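Trainee: Count along the sequence shown from 1, add 537, and you get the number used in this note's numbering. Cβ coordinates follow ideal geometry from the N, Cα and C atoms, glycine included. Since we're looking at a predicted model, the values are computed, not measured. Here it is: the structure, laid out below.
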Amino acid sequence: MIMNYNNIITRFAPSPTGELHIGGARTALFEYLAARSTGGKFYLRIEDTDRARYVEGSDKRLVEALEWLGLVPDNIDDIVTQSKRLDLYRKYALKLVDEGKAYICTCTKDELKVKGEELKLSGKLPGYDGTCREKNIKIEDVVNRPGTLLSGEKRPQLASDGDYVIRLKMPATGEVVVDDLVRGDVKFDLSLFDDQVLLKSDGYPTYHLASVVDDHEMGINYVLRSEEWLSSTPKHIILYEALGWDQPKFGHFSMILAPDKSKLSKRHGATSVEEFKSLGYLPEAIINFIALLGWNPKDEREFFSLDDLVGEFKLKNLNKAPAIFNIEKLNSINAHYITEEILNPKSEILNQFQNFKLPNIQKAELNLIGRGGYKTLKEAAEYILKLRQTPEYVAGILVFKKSDQATTLQALRLVQSKLPTIEQWNNETIQQSLSVIVENNNLTNGDVFWPVRVALSGEEKSPSPVELALALGKDETLKRLNLAIEKLQ
Ligand code: GLU
C-alpha cells in the first residue's frame, strides 16, 4: 500500500456501556493524533445501538473524560449518535434487500438455537445455516406498515407472529484480505462467516451495519480502532462492496495487556479515566503514558505533551506487539508532571487539591510536594494533611546516628531560642539561623539539622528542616520543637 497520510479523517466510536476505559482513551488518542498530525478531522460517534448494554449517562461522561484529556473532537457540538439515525440504517438495509444482497430472515430465536445445536452436532461451525436466504421474503410480508419505522418509534407490528431480522448475504467461499496499516495483510477465510445480521428485530442496526453506514456518511477515510475489531473488518469490507462504496483504510491498534499478559481488568487496579482522575493523576500524565502504549518515538525520550505528540506521531511507528500496562511507569510520569506543575508559576494546580480535601494548600506546602516525588495528587494531599497533624514518633529517632542524646537536646534548645528571633520567616533566614548554631557551638550539621527535621516531620526520612519549617510556619515549628525537647528530657 502506498502510505499517503494526508488529511486523515477518522472517528472515535465508543459504546456508552460504562466509563472511558484506559484502552478506549488510548484508541481515542491515536485517532486524535492521526487526524491532528495530518491536518484531518477527529470525530466522535456514540454507538448506542445495543440497548441492553446502554448505561444511562455514560455517553455524557465519555465526552467529559475526552475533554478532560484534551482530546476534543471536531464535532463536539454535533456528536453523531446512532440511536438518532435508525431510519438511515433501515433505508440501507432495505436497499440491500431490494437488490438481493441481503434478505429478511424470520427464524425465531428458538429455531436458531435448535439449528445451532444441529450444526454443532454435525461437527460444523456454529452460525446461521441460511434457511431464509433464498426464501425471498418481502418487507411487506413481515411489516404491516412498510417502511414506516422512524427513529424513536416502537418496533413495528409484525404480520407474522415471529420477529424478523435483515441478514447480509456473505459469500460462501473465498478470502478477504485486510490491508492493515499496523498489522500488514491479514487474510480471512470467508467460509468461516455466516450471514451477518444487519438490522435487528428491535429495529436497531447491528454494529456492522451502523459502523459502515456512518463511516461512509461521515466521510471517514481511515478507520482506526483497536485490534478486537479486526475480525469484524472482513464483514465490513463485504458490506462496502454490497453498498457500492469505496472502502476506507483500516488500522487496528494492538491490545493493552496487564503485566502478567492477561487482559487488563479491574483486578489490576484502576482502569477508567475517571478513576485515574479521582486518584489524582494529571491528564498530561495519562496522555503521555498511553501514547507510549503502542507508539514510540524511536529514541530514548520519555516525556511528551499532547502538542509534542501531534508533531511526532506517525501511524507507521505503531507496534504490532501488545502493549503492557505498567502502573509504575504511569506513577513516575505522573510524579514528573506534578513536580513540573508545581514549579510552573502559572499553574492552577493549587485549585486541584480541592478535590482531595485540601482546599487551602499553601505555597510552601506545595513546594514540599514538588520535592517529594508524589505519585498522585491524592497521595500528595494525604501527605500534607498528615503533616498538619502533630506528629507521633519515638524520642530515639531524634538522635542522629553520629550524635548523642545530650548533644541533640543542646542543639534543639539552641534552635528553640534562636528561631523566635527571626523576623522574616523565609528560606534564607531559617537556613542561616541553623547554620550559625552549628558553627558557633562546635556542632555538626547532623547534630542540628537531623533532630529539627525529625521534630517537625516525625519521620526519619523527610524533606529538609528548612522546607518543613516554612510549610509549617513559625508557631507550629516552635510548638513541635518544644514537643521534641519534652520527649528527649
Ligand atoms: N463501538 C465500538 C467500540 O465500542 C467501536 C468499534 C469501531 O471503532 O468500529 O469500541
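For residue 749, count neighbouring Cβ atoms within 10 angstroms of its own Cβ and tell me buried if that reaches 16, exposed if not.
Mentor: Per the 10 Å Cβ criterion, buried.
Trainee: How many whole angstroms separate the CB atoms of residue 985 and residue 952, which I take to be in contact at a CB cut-off of 8 Å?
Mentor: With 8 Å as the limit, residue 985 and residue 952 qualify as a contact, their Cβ atoms being about 7 Å apart.
Trainee: Helix, strand or coil, according to DSSP, for residue 683 in the structure here?
Mentor: Residue confidence for residue 683 is low, a pLDDT of 41 falling below 50, so the modelled location carries little weight and cannot support an answer.
Trainee: Suppose the cutoff is 8 Å on Cβ atoms and the five residues either side in sequence are ignored; what does the same chain contact list for residue 539 look like?
Mentor: Unreliable placement is indicated for residue 539, whose pLDDT of 44 sits below 50; the coordinate value is still reported in the next sentence. Excluding sequence neighbours, residue 539 sits near nothing in its chain.
Trainee: Whole angstroms are fine: how far does the CA of residue 713 sit from the CA of residue 638?
Mentor: Going by the C-alpha atoms only, they are around 17 Å apart.
Trainee: Could you have a look at residue 766 and say whether DSSP puts it in helix, strand or coil?
Mentor: Looking at residue 766 - three-state DSSP - the assignment turns out to be helix.
Trainee: Report yes if the C-beta of residue 782 is less than 7 Å from at least one heavy atom of the ligand GLU; otherwise report no.
Mentor: No, since every heavy atom of the ligand GLU falls outside the 7 Å radius drawn around the Cβ of residue 782.
Trainee: Please classify residue 843: is it buried, with 16 or more other beta-carbons within 10 angstroms of its beta-carbon, or exposed?
Mentor: Under this definition residue 843 is a buried residue.
Trainee: Is the beta carbon of residue 584 within less than 7 Å of some heavy atom of the ligand GLU?
Mentor: Because some heavy atom of the ligand GLU lies under 7 Å away, the Cβ of residue 584 counts as near it: yes.
Trainee: Starting from the Cα of residue 744, find the closest Cα among 958, 974, 973 and 552 and give me that residue.
Mentor: When each option's Cα is compared against that of residue 744, the closest is 552.
Trainee: Could you work out which residue in 795, 903, 760 and 908 is closest to residue 784 when comparing CA atoms only?
Mentor: If we check each option's Cα against that of residue 784, 760 comes out closest.
Trainee: May I ask you to list the residues that DSSP assigns as paired with residue 669?
Mentor: Paired residue(s): none; residue 669 is not in a bridge.
Trainee: DSSP has residue 811 in a bridge; who is on the other side?
Mentor: For residue 811, which the question treats as bridged, DSSP gives no partner whatsoever.
Trainee: Using only alpha-carbon positions, find the residue among 850, 1000, 1022 and 993 that is nearest to residue 1013.
Mentor: Among 850, 1000, 1022 and 993, the Cα nearest to that of residue 1013 belongs to 993.
Trainee: Could you spell out the range, first to last residue, of the alpha helix (DSSP H) harbouring residue 734?
Mentor: Element bounds for residue 734: not the alpha helix (DSSP H) but the beta strand (DSSP E), 734-736.
Trainee: Give me, in chain order, the residues of the same chain whose beta-carbon lies closer than 8 Å to that of residue 949; leave out the 5 immediate sequence neighbours on both sides.
Mentor: Around residue 949: 935, 988, 989, 992, 1018, 1021, 1022 and 1025.
Trainee: Helix, strand or coil for residue 987, going by three-state DSSP, please let me know.
Mentor: Three-state DSSP puts residue 987 in a helix.
Trainee: Name the DSSP bridge partner or partners of residue 996?
Mentor: Paired residue(s): none; residue 996 is not in a bridge.
Trainee: If you measure between the beta carbons of residue 558 and residue 728, is that distance less than 8 Å?
Mentor: For residue 558 and residue 728, no; Cβs fall outside 8 Å.
Trainee: Would you mind working out which of 661, 787, 875 and 902 sits nearest residue 910, comparing C-alpha positions?
Mentor: Of the listed residues, the one whose Cα sits closest to residue 910 is 875.
Trainee: In angstroms, rounded to a whole number, what distance separates the CA positions of residue 977 and residue 924?
Mentor: About 31 Å.
Trainee: Can you give me the C-alpha to C-alpha distance between residue 669 and residue 732, rounded to a whole angstrom?
Mentor: Cα to Cα, residue 669 sits roughly 10 Å from residue 732.
Trainee: Would residue 570 and residue 846 qualify as a contact pair, given that the criterion is a beta-carbon distance under 8 Å?
Mentor: Yes, the Cβ-Cβ distance between residue 570 and residue 846 is below 8 Å.
Trainee: Here's a check: name, in chain order, each residue in its chain whose Cβ is nearer than 6 Å to the Cβ of residue 653, leaving out the five neighbours to either side.
Mentor: Correct list, in chain order: 663.
Trainee: Which residue comes first and which comes last in the beta strand (DSSP E) that contains residue 582?
Mentor: Counting along the chain, the beta strand (DSSP E) containing residue 582 begins and ends at 578-583.
Trainee: Could you spell out where the alpha helix (DSSP H) holding residue 567 opens and where it closes?
Mentor: Start and end: 559-573.
Trainee: Compute the minimum distance between the beta carbon of residue 744 and the heavy atoms of the ligand GLU, and state whether it is under 7 Å.
Mentor: For the ligand GLU, at least one heavy atom lies less than 7 Å from the Cβ of residue 744.
Trainee: So, at 7 Å on beta carbons, what are the nonlocal neighbours of residue 618 in its own chain, with the 5 sequence-adjacent residues on each side left out?
Mentor: Cβ neighbours of residue 618 beyond the five flanking positions: 583 and 585.
Trainee: Under the assumption that residue 833 contacts residue 854 (Cβ atoms under 8 Å), give the Cβ distance between them as a whole number of angstroms.
Mentor: Confirmed, Cβ separation roughly 7 Å.
Trainee: So for residue 860, helix, strand or coil by DSSP?
Mentor: In this structure, residue 860 counts as strand in the three-state DSSP scheme.
Trainee: Pick from 673, 756, 753 and 774: whose alpha carbon is nearest that of residue 716?
Mentor: Closest by alpha carbon: 774.
Trainee: Going by DSSP in three states, residue 653 sits in which element: helix, strand or coil?
Mentor: If DSSP states are grouped into helix, strand and coil, residue 653 belongs with the helices.
Trainee: Apart from the five residues on each side of it in sequence, which residues of its chain come closer than 6 Å, Cβ to Cβ, to residue 556?
Mentor: Hits under 6 Å: 809 and 811.
Trainee: Given residue 1005, which residues of its chain have a CB within under 6 Å of its CB, disregarding the five upstream and five downstream residues?
Mentor: Same-chain partners within the cutoff: 993 and 994.
Trainee: Verify the contact flag: residue 762, CB atom, against every heavy atom of the ligand GLU, threshold strictly below 7 Å.
Mentor: Result yes, Cβ under 7 Å from the ligand GLU.
Trainee: Using the C-alpha atoms, what's the distance from residue 896 back to residue 822?
Mentor: Distance between the alpha carbons of residue 822 and residue 896: 23 Å.
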